[in-house]
Amino acid sequence: MQLFIRRYGTLIGFVAILVFFSAMLPGTFPTAKNWLNITQQVSMLMVVAAGMTVVMVMGDFDLSVGSAASLAGIVAALMMAAGQPIWASVAVALLVGLLGGAFNGVMVSLVGILPFIATLATMTMFSGLAFVVSGGKTISGRAIPEDFGNFARGGIPLGEWGGVAISLPNLSIIAVVVVLAVWVLLEQTTYGRRLYAIGGNMEAAHLSGIAVKRLRLIAFSLTGLAAAAGGLMYASRVASANPVQGSGLMLNAIAAVFLGTTMSRHGEPRILATVVGVIVLGVLDNGLTQMSVDSYVRQVLVGALILLAVAASSVTQGRR
Amino acid sequence: MSLNKSALAFAGILLATTAMGTGAALAQAKVAIVTPYMAQPGTQFYVEAFEAVAAENDWDVNVIDTAGDVAAVISRIEDLVVQNVDAIVINVDPTQVTAGLQAAKDAGIPVFGMDAGADPLLVTNVTSNGYAMAAETSTYVADRIKGEGNVVLFVFDAFPPVQVRGVIADAVFSNYPDIKVLDRVTPDVSDGGIADSRAKMEAILAANPEPGSIKAVWAAWDQPALGALQAIEDAGRSGEGIVVTGIDANPQAREAIAAGGNFEASVAQDFAGIGATTAEAVARVLAGEEILQSVTYVPTKLITAANAAE
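Sequence order for the protein chains is X and D.
For this note's numbering, add 325 to where a residue sits in the first sequence, where the first one is 1.
Quick note on numbering: this note's numbering labels position 175 of the second sequence as 155, and the sequence is numbered without any gaps.
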C-alpha cells in the first residue's frame, strides 16, 4: 500500500486535480480549446524542464537555465533588430545556449566545481551578459520582425470543435519534438543509460569504464541548448526580449522534474514523468485562474502541492 | 453496469446544468485585471481605485499578478477568454501580449489598457497626457522668467513617452522671441540619470559664469532636474534664482520642491484617477456604449512648494 502511494500518489493527485477542475468548470476546462491553450502555455517550461531532466538524471543541477533562456532571447532579438534574418538570429542564439551549457559542463566536469555552485555563478554571469548586450532595455515593437512574433501565434489548423476553430500551436509542436528527442536520448540510447549509471553511482560508473567527464560535459551542453530554445520560444510568444524574462523558468523546471521523480521507481528523473510534472503546474495555473482564485493564493497552493508530492514519496520511503 | 453508466451521465448533466443555472442567475459582471507589475507602487494605486469603482458596480473582480512574467500575462488572458469574462484590463506593454489580445478579440471580449500603451487591439488606453505635462512645466518656466533669458533643456528623444515632452518644450520656448535655448542636453541615463545630468550641468555653468546668464533649467523628467539642482547648489549659484523644473513628481523631487530651493515645479500623474477612469470606461462598454478614443487621458497636477508635501 505504501509502495503504491509512493509510486502512484502523484499520478492519482494529478487525476484528482483534473476531475476537480472538470467538475467545477464543466463548460470550459475539459475542452479541446482549453487543453491546446495549456499545451501552449507550458511549452516553454516543457522544453527547459526536458533539458533539466538530462542533468538531473546524473544527480546534477543547472541553476543557469533561466538566465541562459533570457540571454538567448536577447541575442536573437538584438540580431533581428540589427536586420539579420530570423534563421541566423535563432541559430546564433541556440549556439550561445549550447556554448553556455558547455561552459557549465567544463566547470562541473573538468574543473570539478559542484554543479550548484558552478551554475549559480554562471546564472549570474549569463544574466549580467544579457544586461550588458541589451543595455538593460526591453527589445520590442518594430525591432522584432512580425514573422518572429507570429510564429508563436500560429499553428496547424485542426478544424472546428463545438463551433470554435482550433489549431495545434507551433510552440506545442516544438515542445513535443524536444520531449521526444530527450526521451529517445535518455531511454533508448547507450548514452542515456550511462547517464543513469552516473546518477546511480558516479564512482562505480567511472570504474566500469564510462567516460564520466565527457558525458557530463555533453549533458550540460544539451541542457544549455534546451534553455536557449525555451528562451527563444518565450521571446517569440511575447514578441520581445528583456534581460530577465526567462528567470522564472529555472525554479519551475526544477519543481517539475522533482514532481516527476515522485512517480519513478527509485525516485530518479524520467522524461515522461517530467512531462506530467510540467502539466500539473500548467493545469493548476489554468484551472485556478478560471476559478478566479487569487494569484498569490495560487502560488501558495502550487508550493504546497510540490511539498505534499515529494513528502508523500519520501516519508513512505523513510519508513522502510 | 449500464445502469451505473447512465446514473453517472445523469449526475454529470445535473452538475453541468446547475453550474450553468447559477452562472445565469448571478449575472454579475466578471472583470479581470492582469499585470506583471503589481510590486510597483503606481500599480497598486491604479488597482485600488479600480476596485473601488468596481465595488460600486458590483463586479466580480479578479486581480492577477504574474510577478514580472510577461508570457504568463498571455497565458492568463487565454484562460480568461476560455472562462468568458466580460472584460479584461491589462497593465503591460500591449505589443508584448498581442497573442492574448488577439484571443480576446476573437472571442469578442473587450480589453482595456490601464497606463499600458495605445494599441489597435485595446478598446482604449487610460493614461496621463505627456504633451499636457510638458506644457504645464514649460509654461511655468516661461512665466517665471517673464519670457526672456537663456534656458537649458534636458531631454531624451530615444524614449517615445519622454520624447513627446521635449517636443512641447521646444514649441513653447520657441514661441517667446526673447527666450534662447542655450543647450538641449540628452544625459546618459545608464546610472539613473542624476549623476550624468549633474556633470553636464556643471560644464554648462562653467561655460556661462555670469550671474543671470542661465535663467532656467527645464527637464523632461525629475532625475536630470535633481542633477542640475545639485550642480547649481555646488557651484554656489543657488542665489541667482535659476528656475528648475522636472516631470513625474517622484518623492525625491517633491522633497526638493518642498525645501523651497531652485527646484520649483514638477507634474504628478494621478494614478488613482487612471484606475478609476479605466473602471468607468469598462462600465461604459459593459452598458453597451462604444468608446471612440483609442487613448483616454487623465488630468495631471502641477506640483509646486504650495502642494509638494501633500
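We put the CB at the ideal spot given by N, CA and C, even for glycine.
Remember, predicted model here, so these are calculated numbers, not experimental data.
The alpha helix (DSSP H) with residue i in it runs from where to where?
i	result
proline 494/X	Counting along the chain, proline 494/X falls outside any alpha helix (DSSP H), though it belongs to the beta strand (DSSP E) covering 489 to 494.
glycine 226/D	No alpha helix (DSSP H) contains glycine 226/D, which DSSP labels as neither H nor E.
lysine 611/X	This sequence places asparagine at residue 611/X; lysine is not what is there. Unbroken alpha helix (DSSP H) run through asparagine 611/X: 596 to 615.
leucine 133/D	Where leucine 133/D is concerned, there is no enclosing alpha helix (DSSP H), although the beta strand (DSSP E) it sits in stretches over 129 to 134.
phenylalanine 386/X	Unbroken run through phenylalanine 386/X: none, as it is neither H nor E.
valine 265/D	251 to 266
glutamine 63/D	50 to 63
threonine 78/D	78 to 86
aspartate 582/X	It should be pointed out that residue 582/X corresponds to valine in this sequence rather than to aspartate. Unbroken alpha helix (DSSP H) run through valine 582/X: 572 to 586.
Over what stretch of residues does the beta strand (DSSP E) that includes residue i continue unbroken?
i	result
alanine 19/D	Neither: alanine 19/D is in no beta strand (DSSP E) and is coded neither H nor E.
isoleucine 159/D	159 to 165
serine 305/X	Missing from the structure shown is residue 305/X; chain X here goes from 326 to 645 and no further.
phenylalanine 243/D	243 to 248
alanine 291/D	This structure does not reach residue 291/D, given that chain D is present from -19 up to 290, and the question cannot be answered.
According to DSSP, is residue i helix, strand or coil?
i	result
phenylalanine 441/X	helix
tryptophan 39/D	coil
isoleucine 358/X	Rather than isoleucine, the amino acid found at residue 358/X in this sequence is lysine. Lysine 358/X: helix per DSSP, three-state reduction.
alanine -9/D	Because alanine -9/D carries a pLDDT of 42, less than 50, the predicted location of this residue cannot be relied on, and the following value inherits that uncertainty. It is helical.
threonine 378/X	helix
alanine 200/D	coil
alanine 12/D	strand
leucine 6/D	Residue placement at leucine 6/D is poorly supported in this model, since its pLDDT is 49, which falls under 50; the coordinates still yield a value, given next. In the structure shown, leucine 6/D sits in a helix (DSSP, three-state: H, G or I).
phenylalanine 428/X	helix
glutamate 485/X	strand
alanine 416/X	helix
leucine 435/X	helix
aspartate 137/D	coil
glycine 207/D	helix
alanine 407/X	coil
aspartate 99/D	coil
glycine 334/X	helix
isoleucine 535/X	coil
aspartate 45/D	strand
aspartate 176/D	helix
asparagine 475/X	helix
isoleucine 89/D	coil
alanine 29/D	helix
isoleucine 499/X	helix
proline 189/D	coil
tyrosine 521/X	helix
proline 74/D	helix
glycine 1/D	Bear in mind that the predicted position of glycine 1/D carries a pLDDT of just 38, short of 50, making it unreliable; the figure below should be weighed with that in mind. Glycine 1/D falls in the helix class under three-state DSSP.
alanine 288/D	coil
leucine 540/X	helix
In the DSSP output, what is residue i paired with across the bridge?
i	result
tyrosine 277/D	Thr107/D
alanine 512/X	Residue 512/X is actually glutamate in this sequence, not alanine. Glutamate 512/X is not bridged to any residue.
methionine 94/D	Val106/D
leucine 423/X	Beta-bridge pairing links leucine 423/X to no other residue.
glycine 480/X	Pro494/X
isoleucine 283/D	Ser246/D
isoleucine 464/X	Ala566/X
Regarding residue i and the ligand NAD, is the C-beta to nearest heavy atom distance less than 7 angstroms?
i	result
leucine 574/X	Absence of the ligand NAD is noted for the structure shown, with no ligands found whatsoever.
Next on the checklist: For the pair the region 268 to 279 of chain D and the region 99 to 118 of chain D, tell me if three or more CB-CB distances fall below 8 angstroms.
Outcome noted: The region 268 to 279 of chain D makes contact with the region 99 to 118 of chain D, as at least three CB pairs between them are under 8 angstroms.
Checklist entry - Mind listing which residues of the region 597 to 614 of chain X have their C-beta closer than 8 angstroms to chain D's C-betas, in chain order? => result Within the region 597 to 614 of chain X, the residues whose Cβ lies closer than 8 angstroms to some Cβ of chain D are Asp610, Asn611, Thr614, listed in chain order.
Next on the checklist: Tell me which residues of the region 357 to 368 of chain X have at least one Cβ-Cβ distance to chain D shorter than 7 angstroms, keeping chain order.
Outcome noted: Per Cβ criterion, the list reads Lys358, Asn359, Asn362, Gln366.
Item to check | Where the region 199 to 230 of chain D meets chain X: residues whose CB sits under 7 angstroms from a CB there | outcome: Here the close residues number zero.
Next on the checklist: For the region 538 to 565 of chain X, list every residue whose C-beta sits within 8 angstroms of some C-beta in chain D, in sequence order.
Outcome noted: Within the region 538 to 565 of chain X, the residues whose Cβ lies closer than 8 angstroms to any Cβ of chain D are, in chain order, Tyr559, Arg562, Val563, Ala564, Ser565.
Next on the checklist: Any contact between the region 365 to 374 of chain X and the region 415 to 425 of chain X? By contact I mean 3 or more CB pairs, one from each, below 8 angstroms.
Outcome noted: In this structure the region 365 to 374 of chain X does not lie against the region 415 to 425 of chain X, because fewer than three pairs of beta carbons, one per stretch, are closer than 8 angstroms.
Checklist entry - If you measure beta-carbon to beta-carbon, which residues of the region 471 to 483 of chain X are closer than 8 angstroms to chain D? => result For chain D, the residues of the region 471 to 483 of chain X that bring a beta carbon within less than 8 angstroms of one of its beta carbons are Gly474, Ala477, Arg478, in chain order.
Next on the checklist: Counting only Cβ-Cβ distances shorter than 8 angstroms, please list the residues of the region 54 to 67 of chain D near chain X, keeping chain order.
Outcome noted: Using a CB distance below 8 angstroms, the part of the region 54 to 67 of chain D facing chain X consists of Ile54, Ser55, Arg56, Glu58, Asp59, Leu60, Val62, Gln63, Asn64, ordered along the chain.
Checklist entry - Listed in chain order, which residues of the region 76 to 96 of chain D have Cβ atoms closer than 8 angstroms to some Cβ of chain X? => result Listed in sequence order: Gln76, Val77, Thr78, Ala79, Gln82.
Checklist entry - Within the chosen definition, does the region 536 to 555 of chain X reach the region 432 to 447 of chain X through at least 3 CB pairs nearer than 8 angstroms? => result When Cβ pairs closer than 8 angstroms are counted between the two stretches, the region 536 to 555 of chain X is seen to touch the region 432 to 447 of chain X, the count reaching three or more.
Checklist entry - If you measure beta-carbon to beta-carbon, which residues of the region 24 to 51 of chain D are closer than 8 angstroms to chain X? => result So the close ones are Asp40, Asn42, Val43, Ile44, Asp45, Thr46, Ala47, Gly48, Asp49, Val50, Ala51.
Item to check | Residues of the region 436 to 470 of chain X whose Cβ lies closer than 8 angstroms to any Cβ of chain D, in chain order | outcome: Here the close residues are Gly460, Gly461, Thr463, Ser465, Gly466.
Checklist entry - Does the region 40 to 52 of chain D come close enough to the region 614 to 624 of chain X to have 3 or more Cβ pairs within less than 8 angstroms? => result Taking 8 angstroms as the limit for Cβ pairs, the verdict is that the region 614 to 624 of chain X does touch the region 40 to 52 of chain D.
Checklist entry - Listed from N- to C-terminal order along the chain, which residues in the region 341 to 357 of chain X have their beta-carbon within a distance smaller than 9 angstroms of any beta-carbon of chain D? => result Going along the region 341 to 357 of chain X in chain order, one finds Ala348, Met349, Leu350, Pro351, Gly352, Thr353, Phe354, Thr356 with a Cβ nearer than 9 angstroms to chain D.
Next on the checklist: Count Cβ pairs between the region 393 to 412 of chain X and the region 358 to 367 of chain X that sit closer than 8 angstroms; are there 3 or more?
Outcome noted: Output reads no: the region 358 to 367 of chain X does not touch the region 393 to 412 of chain X.
Checklist entry - According to a CB-to-CB cut-off of less than 8 angstroms, which residues of the region 394 to 407 of chain X neighbour chain D? => result For the region 394 to 407 of chain X, the beta-carbon criterion of a distance under 8 angstroms to any beta-carbon of chain D is satisfied by none of its residues.
Checklist entry - For the region 168 to 185 of chain D, which residues have a beta carbon sitting closer than 9 angstroms to at least one beta carbon of chain X? => result For the region 168 to 185 of chain D, which is checked against every Cβ of chain X, the residues closer than 9 angstroms are Ser170.
Next on the checklist: Would you call the region 584 to 597 of chain X in contact with the region 505 to 516 of chain X, where contact means no fewer than 3 C-beta pairs closer than 8 angstroms?
Outcome noted: Because the criterion of three Cβ pairs below 8 angstroms is met, the region 584 to 597 of chain X and the region 505 to 516 of chain X touch.
Item to check | Short-range partners of chain D found in the region 406 to 433 of chain X, where Cβ spacing is below 9 angstroms | outcome: Those residues of the region 406 to 433 of chain X that come within reach of chain D (Cβ to Cβ, closer than 9 angstroms) do not exist; the list is empty.
Item to check | Contacting positions in the region 571 to 596 of chain X - beta carbon closer than 7 angstroms to chain D | outcome: Answer set for the region 571 to 596 of chain X: Gly573.
Checklist entry - Does the pairing of the region 164 to 183 of chain D with the region 199 to 210 of chain D give three or more beta-carbon distances under 8 angstroms? => result The region 164 to 183 of chain D vs the region 199 to 210 of chain D: in contact.
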